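See below for the structure under consideration.
Residue numbers (my numbering), protein chains in the order written: chain H, 42 to 481; chain S, 75 to 405.
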């Protein structure tokens, strides 16, 4: 019996477009636009100047703070511009534009050969920091921070999030199928760094081939276990995943490490394996380019800094003018205003949704049908959060309706027959409360 | 990069996540409830003939027209096709005798939509079930017309008679059984609707079938009708008999006086009841208790309408007290 949680929704997963398509290596773009901020935390500052020649894997922006992560050139060539460019998350961001020389030459010393088993834990941590690892599921939290929990929070369990519960996305699915050994190596490295002996790989049941592949790759490794999860959104949200697999809830306002758990994304552990064994920094990633408006949806291995329009062109362009273009999945991804934004480390998918995909409809008053209450995996009352948020009662949202417990999974909006933009009001209320807190 | 690929994006919509939604809508829900009521409504036409049709048409047209005028006047988006005003009209028609003068359903519908629904802000903001407010308004204004029921057109033409609960209240249980023949004849008449009553309260079986359809579609929770009818059944069995405790006739009470109509179609009105299942169970039990209180001790032979309206008052309180169990507060 596959494990599950209370609440959630079950949208049509639409993974059929790309689930059976092997990862395709994209050609080197003529130009890459690399933002100096590709993670949650402090932005980096650029270490190159216009006119410099850079090599693949060379640091081009250095971290200034602990919660930050360096940025590397994703191909060799010449820095032709350092300027503000559109950014998929932050609106605009200072970006290093590199014109490719077509050689795709590695910086000196790369790639190398190392055995992770012989490395010290501190060495591995430093490698993870230097190679710019961030969470590749979309949240882009710097990995070296997550892998170094404070001593008073002992970690006993590692969970690999292979749920990929967002509809449309198949990048993690393909990686688990095609690179299952690499995934397991990454998990083993992560477990070594964290000093844990118990590891789980959670995969939704709609990917039986991935479950089989990972089971095969895990066989003979003690303490590592594949867990089949019921296909239900948001199965892959950190908190629900921990609740399902460990049977413990992360306390309100807490982090997974408060219950002794660290969760990592599939792409991230593969990148960790590459970084530790070959010294390769995070300069490319697997991205699913899909949606009802895409001619030929694909899973692409893309260089960081490739623009969305270049990625879309590799998939044959669009069948119609897309209603929305999203970075990430349709439930939690971010709507984009232009295709000129680059792929960053957290770009798990590019969705071009057709008019029939989106089904927006005019917003109506809440009819209190209670579907959002049934769907909320956090046990909140989303309808009230939207009502008090709409009326500007942000304080009430926080104090009476547990605003800060919302993980913004969007299940409530998905089921709402009144088409209310509940997550919008929740984000607004959170921002307003944060602004008030800053003023005080 | 292939240059011929079509990359035309025009103006992209930017909004907060999520970006896909299910195909459920207010209109779909409201029209489904209308559809679930249709068999019972058609049966009332068969039972009461032309007056039932006129009554229903006046109620529905007046309800929709009132909503239209108010929306127009307030310059709000025109949403009369969502089926909610239609539903209020239909429910009100089901709640009154078929043979009342034409102006009674008219006034009732205007009161339901104009007062109960739109003074509160329209669909979603109303505290009370509009159709029940309309009925309460009419019962207070025209008590005699509202409690004079026609016998079935298919049976005795033009003769009026009391409802089973009216007979029970005024003449006693033995008289009631005597009128219908015996107990099993009484139950059969109540179940299939071959007795006098409001248009929609007669046929228990068709109302229940419609209710099951709504439960199946997920538009109402089974807990509400089951707990409300169950509470009425238990309490009337315990306290409703003349011969002492636990001698009442629960089956008679459960199938009469609009309890089934109220429990399946009005106590379940999502706008006016608590939002959590636990809250809804509290609501249903409370409504059942008030119904029995009014029926056994109050001045009216039946009390479903007032019981639900009184519980509507308590809904915001229940919602404040009964909340879902939060993640992180479990185990």
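Just so you know, even glycine gets a beta-carbon here, dropped at the ideal spot from N, CA and C.
Treat the numbers as computed from the prediction; the structure is a model and nothing was measured.
Cα-Cα, which of the options is closest to residue i?
{"i": "residue 307 of chain H", "options": "H:208, H:202, H:67", "result": "H:202"}
{"i": "residue 111 of chain S", "options": "S:379, S:358, S:286", "result": "S:286"}
{"i": "residue 83 of chain S", "options": "H:354, H:471, H:464, H:463", "result": "H:354"}
{"i": "residue 248 of chain H", "options": "H:394, H:389, H:455, H:273", "result": "H:273"}
{"i": "residue 212 of chain S", "options": "S:380, S:102, S:397", "result": "S:380"}
{"i": "residue 50 of chain H", "options": "H:101, H:123, H:278", "result": "H:278"}
{"i": "residue 291 of chain S", "options": "S:94, S:85, S:104", "result": "S:104"}
{"i": "residue 261 of chain H", "options": "H:432, H:168, H:226, H:447", "result": "H:226"}
{"i": "residue 77 of chain H", "options": "H:436, H:386, H:404", "result": "H:386"}
{"i": "residue 115 of chain S", "options": "S:199, S:131, S:102", "result": "S:131"}
{"i": "residue 143 of chain H", "options": "H:200, H:175, H:90, H:68", "result": "H:68"}
{"i": "residue 75 of chain H", "options": "H:45, H:60, H:129, H:429", "result": "H:129"}
{"i": "residue 394 of chain S", "options": "H:372, H:411, H:441", "result": "H:441"}
{"i": "residue 93 of chain S", "options": "H:391, H:437, H:438, H:439", "result": "H:391"}
{"i": "residue 352 of chain H", "options": "H:292, H:470, H:384, H:80", "result": "H:384"}
{"i": "residue 117 of chain H", "options": "H:98, H:106, H:327", "result": "H:98"}
{"i": "residue 81 of chain H", "options": "H:45, H:453, H:462, H:108", "result": "H:108"}
{"i": "residue 124 of chain H", "options": "H:95, H:91, H:151", "result": "H:91"}
{"i": "residue 166 of chain S", "options": "S:142, S:188, S:197, S:129", "result": "S:129"}
What residue range is occupied by the uninterrupted beta strand (DSSP E) comprising residue i?
{"i": "residue 465 of chain H", "result": "Careful: residue 465 of chain H lies outside any beta strand (DSSP E), inside the alpha helix (DSSP H) at 463 to 480."}
{"i": "residue 342 of chain H", "result": "339 to 344"}
{"i": "residue 199 of chain H", "result": "198 to 203"}
Just to confirm my understanding: we take residue i, look at its own chain, exclude 5 residues before and 5 after, and list those with CB closer than 6 angstroms. What are they?
{"i": "residue 121 of chain H", "result": "138, 140"}
{"i": "residue 405 of chain S", "result": "Because the pLDDT at residue 405 of chain S is just 48, under 50, the model does not fix this residue reliably, and the value given afterwards should be weighed accordingly. The answer is none, since no qualifying residue turns up."}
{"i": "residue 424 of chain H", "result": "407, 413"}
{"i": "residue 43 of chain H", "result": "246, 269, 270, 271"}
{"i": "residue 242 of chain H", "result": "201, 203, 255, 267"}
{"i": "residue 350 of chain H", "result": "380"}
{"i": "residue 298 of chain H", "result": "190, 194"}
{"i": "residue 229 of chain S", "result": "Note on residue 229 of chain S: pLDDT 47, under 50, position unreliable in the model; the coordinate value appears next. Result list for residue 229 of chain S: empty, nothing under 6 angstroms."}
Of all the CB atoms in chain A, is at least one closer than 7 angstroms to the CB of residue i?
{"i": "residue 378 of chain H", "result": "In summary, chain A is missing from the structure at hand, where the protein chains are H and S."}
I believe residue i touches residue j by the beta-carbon criterion, under 8 angstroms. Please report the beta-carbon distance rounded to the nearest angstrom.
{"i": "residue 91 of chain S", "j": "residue 374 of chain H", "result": "6 angstroms"}
{"i": "residue 332 of chain H", "j": "residue 394 of chain H", "result": "5 angstroms"}
{"i": "residue 204 of chain H", "j": "residue 276 of chain H", "result": "4 angstroms"}
{"i": "residue 414 of chain S", "j": "residue 55 of chain H", "result": "Outside the displayed span of chain S (75 to 405) sits residue 414 of chain S, for which this structure offers no information."}
{"i": "residue 47 of chain H", "j": "residue 418 of chain H", "result": "7 angstroms"}
{"i": "residue 322 of chain S", "j": "residue 312 of chain S", "result": "7 angstroms"}
{"i": "residue 163 of chain S", "j": "residue 136 of chain S", "result": "7 angstroms"}
{"i": "residue 247 of chain S", "j": "residue 316 of chain S", "result": "7 angstroms"}
In its own chain, which residues sit with a C-beta less than 8 angstroms from the C-beta of residue i, not counting the 5 before and 5 after it?
{"i": "residue 251 of chain S", "result": "257, 260"}
{"i": "residue 210 of chain S", "result": "379, 380, 383"}
{"i": "residue 325 of chain H", "result": "115, 342, 343, 344, 345"}
{"i": "residue 88 of chain H", "result": "100, 101, 102, 103"}
{"i": "residue 159 of chain H", "result": "none"}
{"i": "residue 411 of chain H", "result": "424"}
{"i": "residue 332 of chain S", "result": "169, 271, 272, 274, 275, 376, 378, 379"}
Among the residues of its own chain, which have a CB less than 7 angstroms from the CB of residue i, if the five just before and after it don't count?
{"i": "residue 407 of chain S", "result": "The structure shown does not extend to residue 407 of chain S, since chain S spans only 75 to 405, so no value can be given for it."}
{"i": "residue 536 of chain H", "result": "With chain H covering 42 to 481 only, the question about residue 536 of chain H has no answer from this structure."}
{"i": "residue 325 of chain S", "result": "261"}
{"i": "residue 162 of chain H", "result": "233, 234"}
{"i": "residue 322 of chain H", "result": "98, 113, 172, 173, 316"}
Mind checking which residues open and close the alpha helix (DSSP H) that includes residue i?
{"i": "residue 162 of chain H", "result": "162 to 171"}
{"i": "residue 257 of chain S", "result": "257 to 266"}
{"i": "residue 444 of chain H", "result": "Careful: residue 444 of chain H lies outside any alpha helix (DSSP H) and carries neither H nor E."}
{"i": "residue 239 of chain H", "result": "Counting along the chain, residue 239 of chain H falls outside any alpha helix (DSSP H), though it belongs to the beta strand (DSSP E) covering 239 to 245."}
{"i": "residue 352 of chain S", "result": "351 to 371"}
According to DSSP, is residue i helix, strand or coil?
{"i": "residue 99 of chain H", "result": "coil"}
{"i": "residue 128 of chain H", "result": "strand"}
{"i": "residue 270 of chain H", "result": "strand"}
{"i": "residue 325 of chain H", "result": "strand"}
{"i": "residue 387 of chain H", "result": "coil"}
{"i": "residue 214 of chain H", "result": "helix"}
{"i": "residue 113 of chain H", "result": "strand"}
{"i": "residue 243 of chain S", "result": "helix"}
{"i": "residue 86 of chain H", "result": "strand"}
{"i": "residue 121 of chain H", "result": "strand"}
{"i": "residue 405 of chain S", "result": "Unreliable positioning characterises residue 405 of chain S in this predicted model, as indicated by a pLDDT of 48, which lies under 50. A coordinate reading is not provided."}
{"i": "residue 188 of chain S", "result": "helix"}
{"i": "residue 169 of chain S", "result": "coil"}
{"i": "residue 413 of chain H", "result": "helix"}
{"i": "residue 407 of chain H", "result": "coil"}
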